[in-house]
Amino acid sequence: MAEPEVTAEEHGGGHGAHHAPTGFVRKYIFSIDHKVIGIQYLLLALFSVVLGMIMSVLMRMKMTWPDHAWPLLGTLFPEGAPGGVMTPEFYLSLVTMHGTMMVFFVLTTAPQGGFGNYFLPIQIGADDMAFPVLNMLSFWTTLLGLMVLVSAIFASGGSVIGPTGGWTGYPPLSAVGHLLNVPGQGMGVNLWIISIAIFCIASLLGALNFIVTLLNLRTKGMSLMRMPLTCWAWFTTAVLALLSFPVLLAAGVLLFLDHNAGTSFFVPGGLSNGTTVLDHSGGSPILWQHLFWFFGHPEVYIAILPGMGATSHILSTFARKPIFGYRAMVFAMFAIGLLGFFVWGHHMFISGMSPLTGAAFSVLTLSIGVPSAIKTFNWLGTLWGARIRFHTPMLFALGFVSLFVAGGITGLVLGQSSLDLSMHDTYFVLGHFHLVMGVAAIFGMFAGTYFWFPKMFGRKMNETLGKIHFWPTFIGVYSIFIPMHLMGLVGMPRRYSQFYEVLGGKLTWIYNFNSPTYPLIQFVTWAAIITVSAQSLFIINFFWSMFKGEKASDNPWEATTLEWITATPPPHDNFGGRVPVVYRGAYEFGVPGAPEDYVMQTTPDETGPNVAYAGEADVQGRGSSNVHDAHG
Amino acid sequence: MGRALAVFLWVMTGLSVWMFLSGRWWFPRAISEHGPAYDQQFLLTIIVVGVAFAAAQIALGYAVWRFADTGQATRAVYSHGNNRMEILWTIITAAIFITLALLGQRVWWGLHMTEAPPGSAQVHVVAQQFQWNFHYPGPDHVFGRTRPEKISDETINYIGLDSDDPASKDDTVTQTLVTKADAPVQLILNSRDVTHSFWVPQLRFKQDAVPGLDVKVHFTPKVVGQYEIACAELCGQQHYKMRAYMLVLPADEYDELVAMSQADFNKRVTELVKKYPLNTNF
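As given, the protein sequences belong to chains A and B, one line each in that order.
The opening position of the first sequence corresponds to residue 106 in the numbering used here, with each subsequent residue numbered one higher.
The opening position of the second sequence corresponds to residue 195 in the numbering used here, with each subsequent residue numbered one higher.
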């Protein structure tokens with residue numbers, strides 16, 4: 106590995122600080138500093154999440170007041186909302202763009218590209234990523250992908266704001282939808298596939314960089330088992346991304362060819378538009394589903410694992426207590442990552458694939474609940490006997506635990522092929538995955554933002570405003586997504602632009618079986634509008650605190666890991682020419698006999714208390730850290 | 195703040211559990227043979243889910259209430275974990291989850307890993323944007339040949355029934371699925387354009403109709419009446435109203451119907467739809 110060594114020499118390694126670029130463009134735009142790139146990723150995700158949220162509110166408005174005219178929408182989208190009434194195809198383009206924006210450009214970028222980029226090198230004591238130029242390229246590639254996706258809003262045809270086939274893009278609808286006169290399935294699909302393909306490449310570059318950095322650039326004393334759990338999470342996520350994105354990339358290329366070049370990877374023969382038979386023949390729509398979900402299920406963990414890492418990190422810090430079962434946490438994370446590759450078929454129980462395959466996937470899927478439960482138990486164990494400080498980051502981390510349980514536990518329902526006979530593609534699924542990979546992951550990001558903001562910008566976010574932001578958000582997400590489970594029981598299918606018509610003040614259900622859900626539909630929509638509005642508190646706090654917030658000390662939370670030993674914000678080479686040396690594990694809180702209730706990872710042993718620390722036990726091969734268990 | 199959070203977690207847990215227990219939002223009454231077994235498995239699962247959910251939220255609430263930093267002189271408990279507890283809760287959750295998974299196989303295997311019982315009625319289901327077509331073989335019990343080139347919406351030949359095939363002469367293609375109560379029916383699902391999904395909540399049954407693939411499934415409806423068929427796989431702009439109806443008929447009326455030729459068949463279906471009106475009271 107020649108390059109990291111060169112980097113190490115250039116960037117210090119005890120030979121003095123290297124100099125930060127001075128020009129504005131090299132410093133803030135085409136920067137190769139992982140910290141700047143991390144912030145760039147976060148801003149990209151912030152932009153995307155705002156768009157995605159607006160789309161979700163528009164969707165709720167359409168299904169709740171399906172025939173209401175919104176003059177502003179009529180002005181903005183004269184074809185998508187003629188006279189201000191949103192069309193069904195406009196709704197479906199919102200569905201597609203909301204999903205694509207959120208999954209790729211929010212849930213995949215912010216936790217990994219954002220926080221991971223900024224803090225992984227610092228937490229392992231490195232002065233940058235292993236490949237800084239590659240890092241810069243992966244950000245700019247991601248941005249290019251986002252720009253292509255945004256261009257799909259304008260280039261898909263006037264009646265829609267993107268393709269209408271959902272973020273899963275099932276063919277034949279996404280391959281030959283244009284030949285079947287489905288709006289938005291022409292140029293919109295092309296741009297959508299290109300955007301995702303570009304994103305795949307960007308994620309691959311990022312994943313390689315994360316893996317190499319973590320394995321090669323750890324500072325002296327930073328053994329793997331002394332790493333913060335955040336680093337384990339980013340590492341596992343990077344491995345998942347490395348193995349899953351290439352599959353999506355390949356599938357995307359094949360879909361692009363089916364759509365444009367007349368190939369038939371996913372399109373069977375004999376399709377008809379009612380007058381003529383299409384030329385395609387020989388492909389399999391189910392093949393796409395296998396390829397897509399082979400990526401798609403690990404993607405769920407790509408979204409949630411960094412949140413788990415951040416939550417563990419923050420829980421321990423504000424509980425003032427070591428993480429409970431560090432090793433179990435690491436193994437559980439790896440088990441989730443590994444099993445995550447063997448459960449994709451649970452998205453396809455109803456697809457027409459072999460029922461025997463479905464049976465096997467069902468058992469594997471419920472197995473993945475075990476490491477998830479282990480994590481939950483360990484979080485509760487961390488809180489037991491703690492001295493919890495309820496700062497805003499902690500509130501969101503606690504919210505993460507609550508939401509992860511609430512969303513994850515219904516996987517026991519959906520993982521059973523039998524129960525999918527009714528539950529598949531209903532609002533039950535919507536409630537489940539939004540809670541667990543949507544808002545739980547977002548709560549991880551909120552926790553991370555409030556926690557690391559002082560380090561990133563030298564100022565704290567406003568604590569009062571942060572708490573005011575927490576409450577409507579936490580209450581709001583439960584109000585939105587718990588009722589969706591009930592809608593699913595009743596039978597409400599997903600991706601319906603409306604469930605009733607309101608004409609002349611009279612309400613007519615399209616399907617009568619949905620009629621019990623009326624009060625829930627209304628309630629969820631209002632909850633969504635209020636919850637989304639409350640996010641303005643976060644955005645105001647974010648930008649206001651950047652310039653006007655209370656100045657932060659180097660270690661405002663009294664935390665133990667390496668990002669808190671350096672200046673705030675950290676210098677260009679992270680540690681100002683010094684090389685941190687690590688003496689212990691990441692979560693030494695409440696240490697008996699120590700002068701403070703926490704011991705930094707860099708505190709040498711002689712100044713620490715006369716006890717064997719967890720990390721030390723690892724290094725000396727004494728086996729599990731649990732030998733020092735106070736519970737006996 | 196810890197107490198407020200605890201109270202919220204407990205109230206939220208109570209309200210969530212209440213929403214499930216209230217019975218206001220539940221499955222419509224099951225009408226298929228496997229329906230009761232499905233409902234039983236769901237009930238078992240949701241009880242496990244509910245207990246685990248409530249236990250975790252209540253414990254989390256307790257922890258944030260009980261272990262708040264109130265300026266105590268003593269520090270937090272210094273513990274790195276407990277291997278025995280790790281092993282214990284791993285085994286317990288694994289045992290519960292795997293048991294659920296195995297129990298959950300029963301309905302699936304009963305429906306999908308067995309052949310349709312001999313003598314099952316057969317219906318070809320051909321989905322299209324945005325309607326359902328049900329193809330009956332007529333009195334000769336032989337399905338006429340279909341060919342994509344023959345599909346023509348203009349001449350109302352939605353599934354491309356080939357009139358050159360003598361077996362097609364007595365076939366009926368209708369937009370209402372007709373089945374016999376207490377008798378197994380085999381659906382052979384296909385689509386002529388994109389993927390759709392056949393979904394009847396009361397049947398507790400859903401199956402994608404995939405172009406290029408004949409998906410054979412079977413079930414036994416039990417309760418006479420009329421039910422709504424929805425599409426559960428995104429298929430285009432009119433997906434939300436790709437609606438059809440399923441009639442479950444008493445044996446005599448069914449047998450009489452399927453022996454009819456096309457014109458009589460469709461006329462009779464229109465009458466039966468009126469005779470067994472849709473239940474709109476949910």
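By construction, the Cβ of each residue, glycine as well, lies at the ideal position given by its N, Cα and C atoms.
Just so it is clear, the structure is predicted and the values come from calculations on it, not from any experiment.
- Interface flag for Leu238/B against chain A is unset, since no Cβ pair is found closer than 8 angstroms.
- Within chain B, the residues Glu422, Leu472, Thr474, Phe476 have their CB atoms less than 7 angstroms from the CB of Asn617/A, given in chain order.
- Each of Phe361/A, Ser417/A, Gly412/A, Trp449/A was checked against the Cα of Pro403/A, and the nearest Cα belongs to Trp449/A.
- Listed along chain B are Phe476, each with a C-beta nearer than 7 angstroms to that of Ser620/A.
- Neighbours of Pro685/A in chain B, taken as residues whose beta carbon is under 9 angstroms from its own, are absent, since the nearest beta carbon is some 23 angstroms off.
- Excluding residues up to 5 positions away in sequence, Gln420 lie with their Cβ nearer than 8 angstroms to the Cβ of Pro471/B in the same chain.
- The C-beta distance from Asp530/A to Pro598/A rounds to 6 angstroms, short enough to meet the 8 angstroms contact threshold.
- Within chain B, Asp387 have C-beta atoms less than 8 angstroms from the C-beta of Asn378/A, given in sequence order.
- Its Cα nearest to that of Ala235/A, the residue Gly311/A stands out among Ala215/A, Gly311/A, Ala633/A, Asp710/A.
- Annotation for Cys425/B: the continuous beta strand (DSSP E) segment containing it runs 419 to 425.
- When secondary structure is reduced to three states using DSSP, Tyr431/A falls in the helix class.
- Taking the beta carbon of Thr269/A as reference, the chain B residues within 9 angstroms of it are Leu428, Gly430, Gln431, listed in sequence order.
- Taking 8 angstroms as the CB threshold, Ala250/B lines the interface with chain A.
- The stretch 237 to 287 of chain A is shown to contain whole alpha helix (DSSP H) runs of 4 or more residues at 237 to 260, 278 to 281, in chain order.
- Within the same chain, Leu500 come within 6 angstroms of Phe575/A by CB-CB distance, once the 5 residues on both sides are set aside.
- For Gln380/B, no CB of chain A lies under 8 angstroms from its own CB, so it is not counted at the interface with that chain.
- In the displayed model, Val394/B falls within a strand according to three-state DSSP.
- Bounds of the alpha helix (DSSP H) holding Met206/B are 196 to 215.
- In this chain, the beta strand (DSSP E) harbouring Asp402/B covers 399 to 403.
- In this structure, DSSP gives Tyr223/A a helical state, which the three-state scheme calls helix.
- Looking at the DSSP output, Phe328/B bridges to Val319/B, Thr368/B.
- With fewer than 16 other CB atoms across the displayed protein chains lying within 10 angstroms of its CB, Ser638/A is exposed.
- Interface criterion not met: the Cβ of Glu184/A is under 8 angstroms from no Cβ in chain B.
- Across the structure, Ala315/B and His412/B are spaced so that their CA atoms are roughly 9 angstroms apart.
- Here Cys336/A is not near Leu444/A, since their CB atoms are 8 angstroms or more apart.
- With respect to the C-alpha of Gly250/A, the residue from Tyr275/A, Arg165/A, Thr213/A, Thr127/A having the closest C-alpha is Thr213/A.
- Annotation for Gly219/A: Gly143, Tyr146, Leu147, Ala150 place their beta carbon closer than 7 angstroms to its own, counting only its chain and skipping 5 residues before and after.
- Each of Asn321/A, Gln290/A, Leu178/A, Ala280/A was checked against the Cα of Ile229/A, and the nearest Cα belongs to Asn321/A.
- Counting other Cβ atoms within 10 Å of its Cβ, Tyr133/A stays below 16 and is therefore classed as exposed.
- Sequence-distant partners of Leu443/B (beyond 5 residues in either direction) whose C-beta falls short of 8 angstroms from its own C-beta, in its chain, are Val372, Thr373, Lys374, Ala375, Val418, Leu451, Leu466, Tyr470.
- Per the C-alpha coordinates, the member of Arg437/B, Gln266/B, Val242/B positioned closest to Gly298/B is Val242/B.
- Straight-line spacing of the CA atoms in Ser226/B and Ala440/A works out to 39 angstroms.
- Fully contained in the stretch 568 to 645 of chain A are the following beta strand (DSSP E) runs of length 3 or more, in chain order: 605 to 608, 611 to 614.
- Straight-line spacing of the CA atoms in Phe652/A and Pro588/A works out to 40 angstroms.
- The Cβ-Cβ distance between Thr205/A and Thr269/A does not fall below 8 angstroms.
- When Cβ pairs closer than 8 angstroms are counted between the two stretches, the stretch 210 to 227 of chain B is seen to touch the stretch 244 to 253 of chain B, the count reaching three or more.
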